[in-house]
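All letters in the sequence shown, in the order written, are residues 1 to 350 by full-length UniProt numbering. Glycine included, each C-beta is placed from N, C-alpha and C at the ideal position. Since we're looking at a predicted model, the values are computed, not measured.
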Amino acid sequence: MYTLEEIILDQSFVNYCHKSNEADVLRWQNYAEESAEHAAQVAEAGRMVMALNLMLKSREEKVALEEFKALVRAGQGENAADIVVAEKRARFTLNRMWYAAAASVLLVAGAILFYQYRNEAKVELALQQEQQQYRIYKSPLGERLNITLPDRSKVVLNANTVLKVPHSYNKDNRKIVLLGAAYFEVSPNASLPFVIESNDMKATVLGTSFYMRAYPHESGQQIELLTGKLKVQKSYTSETDNKPEILGPGEMVMLNRSVDLMEKETFDVQTREAWIKGQLKFNNTSFNGVVSALEDWYGVPFEIRGKQKSAGKFSGTYENESLERVLNIFCFATDCSFKIEKDKVVIDFN
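So, in structure tokens, the structure goes:
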């Protein structure tokens, strides 16, 4: 896939924007139709090219006018000016072409830098504003993080998870925001209910222990209650049902916003308790089951390339092991290789 810079600086793309070459038009139309990401790239690059052309045209006209005035003044009269212009026309045209090419490159480079700077500035400003409002905890990829909140509530952040705690926490409220997965042991306080929000769910508790999973990159979210009582509801206005669910120990709620469905089910409490203790257990588990458990445990999606060579089962217990250590053992048993990337794990059977 091309970068935005490569597209803008490609002469064939400029031809596409001006529809001056049928082959180039067809080439970039086909590129845009390959994926939504390509289409967005072409649209953005096209807007920039047309905007730059307007800027360049205005600038060229001003330069040409000033040069013409200078030639007239040098020839001391209209007739002399015509002669000078005729003599200089070829050189002037070449100069304009060179100037246009150089100016195009400079303007494109400047525009790209401007776009990048503007986006980075927006991100930086948003981060500063967020830090003024929240204390932000973030667990690294493949590692957990233990936190004690100001009210002595305990939190175990799963890997690749963000927890936002307002600076006003435990003063006039106990509201927090979760992006990822975590286990909570909430200190009782009837006057200040504990409220946790994600993109799609909101849970209110007085004193209880529960597990919540709400990664932004996943379509579904869930809450599992181990002790106490928990009220769970959608954090958005539903077109079908806004009624909250009341959970007891051993019950869970699963929510999928894409279909606007929230369901209450039961779950294996012992498996979740093992997770809390840092124990990852497999008992005659299939390959897909292991991958699903590792995605849940380490908070990172897996991409499988190639086909598994054997349909074996896996058993074993790992206690507070790193993702790399578990993958080394897993890939040795399955004859595959792995690569831990920034936002995913790649398993390769090729």
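(request) Please name the residue in Lys307, Val14, Ala36 whose C-alpha comes closest to that of Arg27. (result) In the sequence shown, residue 27 corresponds to position 27, counting from 1. Measuring from the Cα of Arg27, the nearest candidate turns out to be Val14.
(request) Please look up how many angstroms separate the CB atoms of Leu141 and Asn170, rounded, as I've assumed it's under 8 Å. (result) The residue you call residue 141 lines up with position 141 of the sequence shown. The residue you call residue 170 lines up with position 170 of the sequence shown. Not a contact, Cβ separation roughly 30 Å.
(request) Rank Ser235, Val291, Lys281, Gly46 by C-alpha distance to the C-alpha of Val177 and give the top, closest one. (result) For the purposes of this step, residue 177 is identified with residue 177 of the sequence shown, where counting begins at 1. Nearest option by C-alpha distance: Ser235.
(message) Can you list, in chain order, the residues of its chain with a C-beta nearer than 6 Å to that of Arg152? Leave out the 5 residues immediately preceding and following it.
(response) Walking along the sequence shown from the start, residue 152 turns up at place 152. Cβ neighbours of Arg152 beyond the five flanking positions: Ser187.
(request) List the endpoints of the continuous alpha helix (DSSP H) containing Ala333. (result) Locating residue 333 in the sequence shown gives position 333, where the first residue counts as 1. Counting along the chain, Ala333 sits inside the alpha helix (DSSP H) bounded by residues 323 to 334.
(message) As a quick exercise: from Glu319, Leu255, Pro249, Thr240, pick the residue whose alpha carbon is nearest that of Trp275.
(response) Taking the first residue of the sequence shown as 1, we reach residue 275 at position 275. Taking Trp275 as reference, the option from Glu319, Leu255, Pro249, Thr240 with the minimal CA-CA separation is Glu319.
(request) Please work out which residues of its chain come closer than 7 Å, Cβ to Cβ, to Gly299, disregarding the five sequence neighbours upstream and downstream, and give them in chain order. (result) Here residue 299 is taken as the residue at index 299 of the sequence shown, counted from 1. Setting aside the 5 residues that flank it on each side, Gly299 is surrounded in the same chain by Asn158, Ala159, Asn160, Thr161, Gly180, Ala181, Tyr215, each with a C-beta closer than 7 Å to its C-beta; the list follows chain order.
(message) My assumption, with CB atoms under 8 Å, is that Pro244 sits in contact with Val259. Please give the rounded CB distance.
(response) Along the sequence shown, one-based indexing puts residue 244 at 244. Along the sequence shown, one-based indexing puts residue 259 at 259. The pair is not a contact, with the Cβ atoms about 19 Å apart (cut-off 8 Å).
(message) Quick check on Gln131: buried or exposed, where buried means 16 or more other Cβ atoms within 10 Å of its Cβ?
(response) As a position in the sequence shown, residue 131 is number 131, starting the count at 1. Counting Cβ neighbours within 10 Å, Gln131 comes out exposed, since fewer than 16 surround it.
(message) Tell me the DSSP secondary structure of Glu22 in three-state form.
(response) Taking the sequence shown and counting its residues from 1, one reaches residue 22 at position 22. The answer is helix: DSSP assigns Glu22 an H, G or I state.
(message) According to DSSP, simplified to helix, strand and coil, what is Val42?
(response) The residue given as residue 42 occupies position 42 in the sequence shown. Val42: helix per DSSP, three-state reduction.
(request) Measure the alpha-carbon distance for Asn288 versus Ile347 and round it to whole angstroms. (result) The residue you call residue 288 lines up with position 288 of the sequence shown. The residue you call residue 347 lines up with position 347 of the sequence shown. Approximately 12 Å between the Cα atoms of the pair.
(request) Select from Thr227, Ala333, Asn283, His217 the residue whose C-alpha is nearest the C-alpha of Glu185. (result) The count along the sequence shown starts at 1 and reaches residue 185 at position 185. The option with the nearest alpha carbon to Glu185 is Thr227.
(request) Could you say if the segment 307 to 317 and the segment 249 to 267 meet the contact criterion of at least three C-beta pairs nearer than 8 Å? (result) No, the segment 307 to 317 does not touch the segment 249 to 267.
(message) Quick check: what's the CA-CA separation for Ile83 versus Asn30?
(response) Here the question's residue 83 lines up with position 83 in the sequence shown. Here the question's residue 30 lines up with position 30 in the sequence shown. Confidence at Ile83 is low in this model, with a pLDDT of 42, below 50, so its placement is unreliable and the value that follows should be read with caution. Put simply, the backbone Cα of Ile83 is about 50 Å away from that of Asn30.
(request) Classify Phe330 as buried or exposed, calling it buried when 16 or more other Cβ atoms lie within 10 Å of its own Cβ. (result) The count along the sequence shown starts at 1 and reaches residue 330 at position 330. A buried status is given to Phe330, since no fewer than 16 other beta-carbon atoms sit within 10 Å of its beta-carbon.
(request) Enumerate in chain order the residues of its own chain whose CB-to-CB distance from Asn242 is below 8 Å, with the five nearest sequence positions on each side excluded. (result) Walking along the sequence shown from the start, residue 242 turns up at place 242. Correct list, in chain order: Gln233, Lys234.
(message) Let me make sure I understand the geometry here. Which of Ser191, His18, Val253, Phe349 has the alpha-carbon closest to that of Arg47?
(response) Residue 47 sits at position 47 when you count from the first residue of the sequence shown. Checking every option, the nearest Cα to that of Arg47 belongs to His18.
(message) Quick check on Arg135: does DSSP put it in helix, strand or coil?
(response) Reading the sequence shown from its first residue, position 135 is the one you call residue 135. Strand.
(message) By alpha-carbon positions, which one of Trp297, Leu247, Ser286 ends up nearest to Gln279?
(response) Working through the sequence shown from its first residue, we reach residue 279 at position 279. Of the candidates Trp297, Leu247, Ser286, Trp297 places its Cα closest to the Cα of Gln279.
(request) May I ask you to report which of helix, strand or coil DSSP gives Gly316? (result) Counted from its first residue, the sequence shown places residue 316 at position 316. It is a strand residue.
(request) Return the residue from the list Leu230, Arg257, Glu251, Leu247 that minimises the CA-CA distance to Ser238. (result) Stepping through the sequence shown from its first residue, residue 238 is reached at position 238. Closest in alpha carbon position to Ser238, among Leu230, Arg257, Glu251, Leu247, is Arg257.
(message) Tell me the rounded alpha-carbon separation between Cys336 and Gln133.
(response) Residue mapping note: residue 336 aligns to position 336 of the sequence shown, counting from 1. Residue mapping note: residue 133 aligns to position 133 of the sequence shown, counting from 1. Between Cys336 and Gln133, the C-alpha separation is close to 45 Å.
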